[in-house]
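Undergrad: Below you will find the structure I want to go over with you.
Residue numbers (the numbering used here): 617 to 725.
Take a look at the structure:
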């Protein structure tokens, strides 16, 4: 059965990523993550000053670029692992490799 694709949509603060139907999710191959020139450019042009990045605890930093605070929760798995810029580039969760349906920005009070 061919994979069905939904195109990227931006609705309020949710990003809907392309969705592929996979016949057997338990036997999927590992994520094919490779460095993206676009992602590298985003990380290099980050407006945060070096002092802010140095003061950011490792637990609260993006697991992809390590230069921004955690800002998004990945759905369906629920892991909090990326900043807004990096979460837009993810097709699979960097922690559990589950397919990312969407990334929702969260706000701490």
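Even for Gly, the Cβ is constructed at its ideal location relative to N, Cα and C.
In angstroms, rounded to a whole number, what distance separates the CA positions of residue 710 and residue 697?
TA: 7 Å
Undergrad: Taking the DSSP output, what are the residues bridged to residue 672?
TA: Paired residue(s): none; residue 672 is not in a bridge.
Undergrad: In the DSSP assignment, what are the bridge partners of residue 725?
TA: Per DSSP, none; premise fails for residue 725.
Undergrad: Have a look at 694, 708, 693 and 701 and flag the residue whose alpha-carbon is nearest the alpha-carbon of residue 685.
TA: 701
Undergrad: In the DSSP assignment, find the unbroken beta strand (DSSP E) run with residue 688 in it and report its ends.
TA: 688-691
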